[in-house]
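Student: My questions all concern the structure below.
Residue numbers (my numbering): 175 to 274.
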């Protein structure tokens, strides 16, 4: 199992994944997600895919700004092209910017 990226948090503040959906077209598709944050949340986070069967993490995007909308919520979309050719069931994971 690969090492888990550190959770997206800083001194009592976190970034919380609130929803996720997969859009398959155009191929290879994209992951559309929403998050919530508070005033103590980190300024940036990274987006990872977690393969449920293998336990491996794959980074989809680094350094995503937390407060894009300034409302305590945000949304975004990442391509799943980093997963092409790797069959599996995946979950999305928000982690500290930079990650490992």
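Backbone N, C-alpha and C define an ideal beta-carbon position, used for all residues, glycine too.
For residue 248, which residues from the same chain have a beta carbon less than 6 Å from its beta carbon, with the 5 sequence-adjacent residues on both sides left out?
Tutor: 209, 242
Student: In chain order, what residues of the same chain lie with their CB nearer than 6 Å to the CB of residue 253, ignoring the 5 residues before and after it?
Tutor: 204
Student: Indicate the three-state DSSP secondary structure (helix, strand or coil) for residue 217 in the structure shown.
Tutor: coil
Student: Using DSSP's beta-bridge definition, name the partner residues of residue 239.
Tutor: Residue 239 is bridged by DSSP to 218.
Student: Kindly identify the DSSP beta-bridge partner or partners of residue 265.
Tutor: According to DSSP, which records beta bridges pairwise, residue 265 is partnered with 224.
Student: Might you give, ordered along the chain, the residues of its own chain that have their beta carbon closer than 8 Å to the beta carbon of residue 227, omitting 5 neighbours on each side?
Tutor: 262, 263
Student: Could you tell me the alpha carbon to alpha carbon distance between residue 240 and residue 221, rounded to whole angstroms?
Tutor: 11 Å
Student: To which residues of the same chain is residue 151 closer than 8 Å at the C-beta, ignoring the five residues directly before and after it?
Tutor: What the structure shows of the chain is the stretch from 175 to 274, and residue 151 is not part of that stretch, so it cannot be assessed.
Student: When you compare the CB positions of residue 269 and residue 219, do they come within less than 8 Å of one another, or not?
Tutor: yes
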